[in-house]
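Number 300 in this note's numbering belongs to position 298 of the sequence shown; there are no gaps in the numbering.
Beta carbons: idealized from backbone N, C-alpha and C, even for Gly.
Keep in mind that this is a model prediction, so the values were computed, not measured.
These notes are about the structure you will find just below.
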Amino acid sequence: MVISFDIPDRILVAIGGNATHPEDIEGTSREQKIIAANTAKALLPLALLDNELVVTHGNGPVVGKILMRQALTSDTIAPMPLDICVGHSQGGIAYLLVQALENALREADSSRHAACLLTQVEVDEDDPAFDDPSKFIGTFYTEEEARRIEAEMGWRMKEDAGRGWRHVVPSPKPQHVCDISLVQVLARRGTIVIAGGGGGIPVVRGPKGVRRGVQAVIDKDLTSAHMANVLGIELLMILTAVPKVAVNFGQPDQRDLEQITMRELRALHAEGHFPPGSMGPKVDAALRFLEGGGERVIIAHLDEAMAALNGETGTHVLADDA
C-alpha cells in the first residue's frame with residue numbers, strides 16, 4: 003500500500019490515551035518517562051519538517067488513576083473535583099511530552115521548541131451527556147470488581163467493548179477552545195504546541211464571560227477535530243494503538259480500511275462497525291473534522307506516524323469532494 007499525497011504544512015496530531023499510557027503498565031514515573039521518550043521518537047520525523055505542528059493527547063487511563071488514588075486516600079486527604087483532576091493529568095502528561103520532544107530534537111541537532119498550553123474548553127451546561135455518562139476512564143476491571151466499586155465509591159461502571167469494565171463519566175461536546183489564538187500564534191512561530199490534553203479542562207461560561215469547571219471528561223478526538231477546524235488545519239492525524247481502522251474487528255472476516263471517503267465511512271459507522279468504547283469516537287471526530295472543512299484524516303499506529311504521513315500505512319479518510 004502506498005497512497006500518494008502532498009505533505010501539508012499544517013498538521014494536528016492527536017495521540018490516544020492508551021497509546022501514551024498502555025493498559026499493561028503499572029503507571030510508575032519511570033514507565034511514563036520511557037513511554038514519553040518513545041512517543042517523541044515516533045513524532046520526531048514530523049517535528050523535523052518545516053511545518054506548523056499542534057499535538058493533543060488523551061488522558062483517560064491517567065485521570066482514572068488520579069480518581070482512584072483520591073478515593074483510596076479520601077479519609078485523610080480532601081479529594082479534588084474532576085475538572086481539576088483533568089488539569090492535573092493534562093499538565094503532567096504534557097510536561098513529559100514537552101521534555102521528551104525537546105530532548106529528541108536536541109539529539110537531532112534541531113533548535114525547535116515545544117510548549118504546553120493548559121487548555122480550558124467550554125461545553126454546554128445543558129449537554130445531554132451530563133445525564134448519560136459514557137466516557138471510559140481508568141483501568142479495566144472484571145464485572146465482579148466493577149460491581150464492588152459501584153457499591154463502595156458510587157461510580158458508574160460499564161463494559162468497554164468486551165475488554166472489561168471501566169468507570170464512565172459525562173463527556174459533553176466541545177463548544178469553544180479557550181485562548182485558541184495563543185495556540186495559533188505559537189504554531190505560526192514554529193513552536194510545537196501541545197494543547198487540549200485530555201479533551202481540555204471542561205468549563206461552562208456564565209455572564210460576563212465568567213467560567214467555572216464542571217464534572218466531565220471531554221473526548222480528546224472531538225476537541226482535536228474542533229481545534230483543527232478553527233485553526234484551518236488541513237490534516238488531522240489520530241495516532242492510536244492499532245495500525246488501521248477495520249470493519250468486523252476481531253472477527254475472521256475482519257477487513258482493514260486503507261483509503262475511504264467520508265460518505266463511505268459514515269455508512270459503515272451507521273451499520274455499527276465502530277463501538278463507542280474503541281474506534282467510535284475516532285470515527286466521529288474524523289467525520290466532524292471533514293464536515294467542518296478539513297481535507298484528510300489519517301488514523302494509524304503511533305509508531306508508524308511518518309510512514310502513515312507518507313501514505314505507506316494507516317487509514318486515510320478523504321472529504322467527499324477530494
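- Taking each of 46, 210 and 294 in turn and checking the Cα distance to residue 229, the smallest one comes out for 294.
- Residue 6 sits exposed, since fewer than 16 C-beta atoms from the chains shown fall within 10 Å of its C-beta.
- Distance from the Cα of residue 112 is smallest, within the candidate group 38, 193, 203 and 94, for 193.
- Rounded to whole angstroms, the separation of the alpha carbons of residue 189 and residue 84 is 29 angstroms.
- Contact between residue 64 and residue 220 fails: their C-beta atoms lie close to 15 angstroms from each other, not under 8 angstroms.
- In this chain, the beta strand (DSSP E) harbouring residue 170 covers 167-171.
- Using a 10 angstroms sphere on the CB of residue 170, the tally of other CB atoms reaches 16 or more, which defines it as buried.
- For residue 57, the enclosing beta strand (DSSP E) covers residues 54-59.
- When rounded, the separation of the alpha-carbon atoms in residue 266 and residue 248 is 13 angstroms.
- Excluding the 5 residues flanking it on each side, residue 129 has same chain C-beta neighbours closer than 7 angstroms at 174 and 175, in chain order.
- The bridge partners DSSP lists for residue 124 are 178 and 205.
- A distance below 8 angstroms separates the beta carbons of residue 202 and residue 121.
- Our two residues, residue 275 and residue 233, have alpha carbons roughly 30 angstroms apart in a direct line.
- Per the C-alpha coordinates, the member of 165, 200, 206 and 195 positioned closest to residue 178 is 206.
- The DSSP-derived three-state label of residue 256 is coil.
- Residue state for residue 161 is assigned as strand, using DSSP reduced to three classes.
- Sequence-distant Cβ neighbours of residue 224 in its own chain, meaning closer than 8 angstroms and more than five residues away, are 175, 176, 201, 283, 286, 287 and 290.
- For residue 320, the enclosing beta strand (DSSP E) covers residues 317-320.
- The Cβ atoms of residue 95 and residue 61 lie closer than 8 angstroms to each other.
- DSSP places residue 74 inside the alpha helix (DSSP H), whose first and last residues are 62-75.
- Following the DSSP letters along the chain, one finds residue 281 in no beta strand (DSSP E), marked with neither H nor E.
- Linking residue 32 to residue 51 through their CA atoms gives a straight-line distance of about 29 angstroms.
- In the three-state DSSP reduction, residue 108 falls in the helix class (H, G or I).
- In the DSSP assignment, residue 294 forms no beta bridge with any residue.
- Looking at 262, 263 and 280, the one whose alpha-carbon comes closest to that of residue 251 is 280.
- The residue among 162, 242 and 137 with its C-alpha nearest the C-alpha of residue 23 is 242.
- Residue range 264-272 is occupied by the alpha helix (DSSP H) that includes residue 264.
- Comparing C-alpha distances from residue 87 to each of 217, 259, 310 and 271 shows the shortest one belongs to 217.
- Secondary structure note for residue 15: its beta strand (DSSP E) is the uninterrupted segment 12-17.
- Across the structure, residue 152 and residue 158 are spaced so that their CA atoms are roughly 6 angstroms apart.
- Check the Cα spacing between residue 318 and each of 262, 306 and 270: the tightest is with 262.
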